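The sequence shown begins at 15 in this note's numbering and counts up by one. Everything below concerns the one structure shown next.
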Amino acid sequence: MKEWPRSIRALRELVAIPSVNPMGRDDLPAEIVGEQAIAEHVAGELARLGLDAALVGRGGRTSVVAEARAGAGAETLLVASHLDTVPVDGMEIDPFDPVVEGDRVFGRGACDTKAGMAALLAALFRVLERGRLRRNLIVVGEADEELRSVGVADVLAHLGDRRPDWVLATEPTELRVIHAHKGVVHARLRAQGRACHSSDPGAGRNAIVLLARAILAIERDAAILATRPHPTLGPATLSIGVIRGGQAPNIVPDEARVWVDRRTLPEERVADVRAQLEATLRAEGLVGEVVVEACTEEKPPLETPRDARPIHACLAALESVGRPGELDHVAFGTDAGVFARAGVPSVVLGPGSISLAHTARESVPIDEVETMVRIFERLLEGEAPLRAPGGL
Ligand SMILES: [Zn+2]
15 MKEWPRSIRA LRELVAIPSV NPMGRDDLPA EIVGEQAIAE HVAGELARLG
65 LDAALVGRGG RTSVVAEARA GAGAETLLVA SHLDTVPVDG MEIDPFDPVV
115 EGDRVFGRGA CDTKAGMAAL LAALFRVLER GRLRRNLIVV GEADEELRSV
165 GVADVLAHLG DRRPDWVLAT EPTELRVIHA HKGVVHARLR AQGRACHSSD
215 PGAGRNAIVL LARAILAIER DAAILATRPH PTLGPATLSI GVIRGGQAPN
265 IVPDEARVWV DRRTLPEERV ADVRAQLEAT LRAEGLVGEV VVEACTEEKP
315 PLETPRDARP IHACLAALES VGRPGELDHV AFGTDAGVFA RAGVPSVVLG
365 PGSISLAHTA RESVPIDEVE TMVRIFERLL EGEAPLRAPG GL
């Protein structure tokens, strides 16, 4: 039996514990759903390192929080590594058997983002063993990153007034430091018509036809987004994702709904998205007939200034392990945006590639996991020298 490094042993244990986010579905086997089992496992690992972990959340959607104190006056870093994974339908490997093949570990969550937690646990073990913790650390394994981020809300409520100086959220970024991404807003629109027999359609009001007018108007008005790109992230986007309505061909439908996915720029708020949709409906003469039934921010956008403290610390840590200190942005939303919205400067950094996350053969390169261990060691030991602003 090959003896794997501590990080890879930890990763394989994490992959072997199913922690599927049901993503609103109710057809998944109960034994693979939820974060309770993996949160208990992480709490146990932290207890072995002498850390008192708290489990927060409800209904099996459990997050874990623990603190390691370096001492008064030390900077406090919060590392968040979400515990949930997307479902496993259509996977071409056993999702919960963490096979090592070549230089990679396979399995659901291997890169998104159990590798991040595994690297943190391995680094923390070494740093505590050496007695060299120089930054206060809040370890967070949060539930529900893949859908609504209720885990971060639970964690922030648990921390109360205590806020870290900065947050590092692990996600597969191929060890690039990510300081910006768009946010995600989902809106649901309902067309209200009047049902009647389809042989006399004039006697009713067809909700599908009303909704079709609304959709075309929304698409037309959304074209303006492309003309106002963000300097880093490009333009906001809009996509019509789901449409539902009608009961039978011979009934004029009285109700129809559409779901809109809107990727927001850092300066946009959910109220802006709602106002834009309502303005379009007004201009189209659909007031009262098509309404914005719900409009919620699923993930806030992220835009941490380039001269912010976490960016200097992470870039310096990367350079100290021989990786190019590059600053980048990504197309997907993360829990870093949720922490940033709570007022904490946040970045995203982790092993593995987003192109393999959520896939039928999800995997992570072992060397990137091990490099992440060394990055965490530098960050926790406070050896990362702060770079002068403007040194990018
Ligand atoms: Zn993720």
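Idealized CB from N, CA, C, for every residue including glycine. All of these numbers come straight from a predicted model, not from anything done at the bench.
- Taking C-beta atoms as the reference points, E312 and V153 fail to come closer than 7 Å.
- Checking the 6 Å criterion, the Cβ of T127 is within range of a heavy atom belonging to ligand 1.
- Looking at the backbone, the Cα of C309 and that of G396 are separated by about 42 Å.
- In the three-state DSSP reduction, T348 falls in the coil class, being neither helix nor strand.
- The beta carbon of E391 sits closer than 7 Å to the beta carbons of A137, R140 and V141 from its chain, once the five residues preceding and following it are set aside; these are given in chain order.
- When rounded, the separation of the alpha-carbon atoms in D179 and R219 is 56 Å.
- Under the DSSP assignment, Q261 falls outside any alpha helix (DSSP H); it carries neither an H nor an E label.
- A residue is called buried when at least 16 other Cβ atoms come within 10 angstroms of its Cβ; I238 does not meet this threshold and is exposed.
- Under the three-pair Cβ rule at 8 Å, the stretch 344-355 does not count as touching the stretch 326-333.
- Between D98 and E185, the beta carbon gap of about 12 Å keeps them out of contact (Cβ cut-off 8 Å).
- For the pair I232 and T278, the CB atoms are not nearer than the 7 Å cut-off.
- If you look at L394, you'll find it in the alpha helix (DSSP H) that goes I380 to L394.
- Shortest gap from the CB of E185 to any heavy atom of ligand 1: under 6 Å.
- Below 8 Å, enough C-beta pairs join the stretch 113-123 and the stretch 24-34 to call them touching: three or more.
- Residue pairing by DSSP places T278 opposite G197 in a beta bridge.
- In the DSSP annotation of this structure, E188 is not part of any alpha helix (DSSP H), being labelled neither H nor E.
- Ranked by Cα distance from A171, the first of A86, V79, H211 and T90 is V79.
- For E156, the closest alpha carbon among the candidates E17, A57, A82 and A327 is that of A57.
- The beta-bridge partner set that DSSP reports for D342 consists of I192.
- Between G48 and S212, the alpha-carbon positions lie close to 46 Å from each other.
- If you compare the alpha carbons of R26, D286 and A327 with that of P109, the shortest gap goes to R26.
- Residue pairing by DSSP places S253 opposite D275 in a beta bridge.
- Its chain contains G197, G351, V352, A354 and R355 as the residues whose beta carbon lies nearer than 7 Å to that of P314, once the 5 sequence neighbours on both sides are disregarded; these appear in chain order.
- Residue pairing by DSSP places G155 opposite V78 in a beta bridge.
- Contact between S377 and V181 does not hold, since their C-beta atoms are separated by about 26 Å, which reaches or exceeds 8 Å.
- Counting the other CB atoms within 10 Å of its CB gives T241 a total below 16, which places it among the exposed residues.
- Looking at the DSSP output, T127 bridges to nothing.
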